[in-house]
Structures are given as structure tokens and as C-alpha cells.
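J.:
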Amino acid sequence: MGPEVGDRAAERSSLLIAQAQALADRLVAEAEARSHAAREEAAQQQELSQRWTEQARQAKAAAEAALGQAATILESARADAAALLEDAAAQASLLAASADQNAAALTERTTAAAEQVRAEARRDAEARLAAANAEAKNITEAAAAAAAVVQAEAETQRAAAEAEAVRLVERASADAAALRATSDAVIQQQRETFDRDCARLRDELQAEQEQARQQLRAAAEQAAQERDALASETRARAEAQYVEAASHLAWTQQSMADLRASTESELSELRSAHNDALAQQREEAEAQLAALAAAADLQARELVGQAELAAADIRSKAEQLMADTKADAARHLAEAEAEARSLRDQADQTTAAQLESARMRVAEAENGARLIRERTVAAIEAMQRDAHEQAKTTRAQAAEALRQARVEAEKTREQTREATERARAEVEALARRRDDINEQLGRLSGVIDALSVPGAAQIEQGKKREEAQRDAVQS
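In the numbering used here, the protein residues as written are 2 to 476.
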């Protein structure tokens, strides 16, 4: 009966150990799964936050570029309008002054000639008045005819002067229109060149950003592969150790079964003579097995408690990491959306106001503008210098944006490396924890083996005592 109780206690201890090991493995597996899910969700949240931040940065850059372009257009339009108004006023003043001077001089010459002819005719008529009234009448008529001719010539010269003035004005208008067309063509060419440079810089910047994103994805995939490989290796090592422990336990159980069979055959022959000794041995065995079962229960509860604590710790860390990641992503998203909306609204309002003001000024300038060649050439040169400066500024801004993108990419790579190191440290901690559990299971198996060996020694001692008593009876 004692060996049967020992077998039941050993089976119960083995069952408790197996249940504790299974529960510990399940808790660790659940903790690893939750930690892996939390890390994946954190990586997704981080990638989503980076994508939203990149979209907000692109919207901000586009708004700033639109604002700068609108400011440049407004400044150019303002300068053009001022130059056009100034040139138109100057040419109108010159043409009006020239026409007035020509008309006044022609009128003065005509009036002086007429006065001179009338004076001569009057003197001639007064001199010949005494000779004859008929001759005086003829002379008066001739003088009147001459005055009419002179007046007609004066009118003709004045009409010619006015026609010349109109022709000069029309010629100046045609020259101004031609110069305006030339300046518009040059401005359009400069603008197209500037747009091509901007498009090329944007393409280069997008290519750099795409390369940085590809590098980040490759780093993240490599980190995930390393983490999965490390976890698989740790799991395989733990399973191998568990299989080895199971085989060792099976061998121990087989050995105990063999020993129990031999013991039962021997005890069946000695049961009648050693009931008291067997009863005492049974009580001792039951006490030892009860102590062994209690120790196994206590150790199993300790293992389960430690596994639960480890799982709870891992779960709380994973939940905290996921909550922090979600909070950071939400905060970055809200800030990026607010900043993008503010910049877009401000750029739209400023651009609309400046474009409306520019259209009004250009319309006013085109209605009253008459350009001259020298000032138009100067304005074109100034526009070319402004376009060159603007292109230079835009290139500098694009280079700065590219540098910032590279800095952000490097920062993201560093964060990815840190996350990979943390994940690797967690997997190593779990592996160490599993090794500790396996070591404790090994020690518990050793305790079982050690406890089973003293029982066999007591049986051997009983055999020796029986042989000694038998020898004493025979003698």
C-alpha cells in the first residue's frame, strides 16, 4: 500500500508540475503575443503619425511656396504698375507740352504775318485813297483776299501740326505695346524656367524622401525578422529542454515502476512477518509523500504566481507602450492638422487679397500706361534679377527642406533601432525567465529522484534485518 501511495503522490506531483509548466508556458506565450501585438500596433501608429506629419509638412511647404510666389507676383506687379504709371505720365506730359508749343508757335507766326499784311494793305490804301476810290476799293478787296489766303494757310499748318501730334502719340502707343509684349514674353519665359527648376527640385526631394522611407521600411523589416528569429530560436530551445525534461521524467517513472514491481514481489513474501515494520514504513512513506506533495503544490503555486506576475508585467508594459504611442500619434495628428489648416487659410486669404490688389493695379496701369524703350529695358533687367534671386532663394529653401527630411529620416532610423533593441531585450528576458522555470523544474525532478532513493534503501535494510532474524532462528 505504501508504494501505491508513493506512486499516486509522484503522479500527483508530476501532474502538478506539468500543469504548472503548461500554465507558465501559456502565460508567457500570451504575454509574448500581446507584447508582439502591442509592438506591431505601436509601429503602425508611429508609421501613421510619420505619414500624417509628412503630409502636414508638405501642405505647409506648399502653402509657404504659394505665399512666397504670391508675394513675388504682387511685388513685381506693384513695381510694374508704378513704372508704367510714371512712364505714362512723363510721356503724356512731354507730348502735350510739345503739341502746345508747336501750335502756339504756328499761331503766333500766322498772326504776325496776317497783321503785317493788313498793316501794309492799310498803309497802301491810305496812300492811294486820294488818287481814286475805285483803285482803293480794288486794293481793299485784294488785301481781303490776301488775308483770306493767309488765314487758310494758317489753318492748314495748324491741321498739319495736330495730325503730326496725333501720329506721334499713336507711334508712341505702338512702341509701348510692342515693348509690353516683349516684356511679357520675357517674363513668361523666366516664369517657365523657374517653374521647371521648382518641379525638378520637388522631384529630387520626393526621390530622397522615398529612398529614406524605403530604408526605414527595410530597417523595420530586418528588425522584425531578427526579433522573430530570436523568438523562434528561444522557443525551440525551450521546447527541446522541455522534451528532455519530459523524457527524464518518463525514465524516472519507469524506474520507479520497475522498482515498485520488484518491491511488491518481495513484500508479498515478507508481508506476514513484517506487518508492524511495514505499517511504520507506510506511515513514514505517507508522511514523506504528503510533505513531497505539499512541497510540489507550493512550488507549482510559486511558479504559477511568478509566471502570472511576469505576464502581468509584460502586459502592463505593452498596454502602456500602446497607450503612449496612440497618445503621441493623436497629438501629432491634431497639431499637424491644425497647423496645416491655419497655414492653408492664411495662404488662401493672403494670396486672394494680394492677387486682387495686383489685378486692380495692373488694370489701372494698363489703362493709362505708355512705355518708353529705355525704362522698359531697365524694368526687364530688374525682373530678371528678381527672378534669379527668387530661383536662388527657392533652391536654398529646397536644399533646407531636403536636409530636414534627411535629419528626420535619421531620427526615425534611430527610433527604429531603439525599438528593436527594446524588443530584443524583452525577448531575452522572457528566454531567461523560461530557462529559470526549466531549471526549477529540473531541481524539482532531482528532489523527486532523491526522495525516491531513500525508500529503496529502507527496503534493503528491511531485507537485511529479515535475513538476520532468519539466521538467528536457525542457529
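Yeah, the Cβ is synthetic: ideal placement off N, Cα and C, and Gly gets one too.
Rounding to the nearest angstrom, what Cα-Cα distance links R27 and E284 in this structure?
T.: What you label residue 27 is simply residue 26 of the sequence shown in a count that begins at 1. What you label residue 284 is simply residue 283 of the sequence shown in a count that begins at 1. When rounded, the distance between both Cα atoms is 38 Å.
J.: To the nearest whole angstrom, what separates the beta carbons of L431 and E33, a pair I think is in contact under 8 Å?
T.: Numbered from 1 along the sequence shown, position 430 holds the residue referred to as residue 431. Numbered from 1 along the sequence shown, position 32 holds the residue referred to as residue 33. Indeed, because the Cβ distance is near 6 Å, the residues count as touching under 8 Å.
J.: Closer than 6 Å by C-beta to D436: which residues in its own chain qualify, once you throw out the five before and the five after it? Chain order, please.
T.: As a working note, residue 436 is residue 435 in the sequence shown. For D436, where only same-chain residues beyond five positions count, there are no Cβ hits under 6 Å.
J.: Which value, in whole angstroms, describes the spacing of the CA atoms of Q45 and K412?
T.: As a position in the sequence shown, residue 45 is number 44, starting the count at 1. As a position in the sequence shown, residue 412 is number 411, starting the count at 1. C-alpha separation (whole angstroms): 17 Å.
J.: Does A427 pass the burial test, meaning 16 or more other C-beta atoms within 10 Å, or should it be called exposed?
T.: Taking the sequence shown and counting its residues from 1, one reaches residue 427 at position 426. Residue 427 is actually Glu in this sequence, not Ala. Buried, since its Cβ has 16 or more Cβ neighbours within 10 Å.
J.: Taking R423 as the reference, which of M361, H37, Q207 has the closest Cα?
T.: What you label residue 423 is simply residue 422 of the sequence shown in a count that begins at 1. For the residues M361, H37, Q207, the minimum Cα distance to R423 belongs to H37.
J.: What number of angstroms, rounded off, separates the C-alpha of Q212 from the C-alpha of E429?
T.: As a working mapping, residue 212 is identified with position 211 in the sequence shown. As a working mapping, residue 429 is identified with position 428 in the sequence shown. Roughly 33 Å separates the two Cα atoms.
J.: Do you know whose CA, among R434, R342, R218, lies nearest R418's CA?
T.: Numbered from 1 along the sequence shown, position 417 holds the residue referred to as residue 418. With distances taken between Cα atoms, R418 lies closest to R218.
J.: Expressed to the nearest angstrom, what Euclidean distance is found between the alpha-carbon atoms of R342 and E336?
T.: On the sequence shown, position 341 is the one that residue 342 refers to. On the sequence shown, position 335 is the one that residue 336 refers to. Their backbone Cα atoms lie some 10 Å apart in a straight line.
J.: Measure the alpha-carbon distance for L16 versus A23 and round it to whole angstroms.
T.: Counted from its first residue, the sequence shown places residue 16 at position 15. Counted from its first residue, the sequence shown places residue 23 at position 22. Rounded to the nearest angstrom, the two C-alpha atoms are 10 Å apart.
J.: Distance, Cα to Cα, R386 vs D204?
T.: Counting from 1 along the sequence shown, the entry for residue 386 is found at position 385. Counting from 1 along the sequence shown, the entry for residue 204 is found at position 203. C-alpha separation (whole angstroms): 25 Å.
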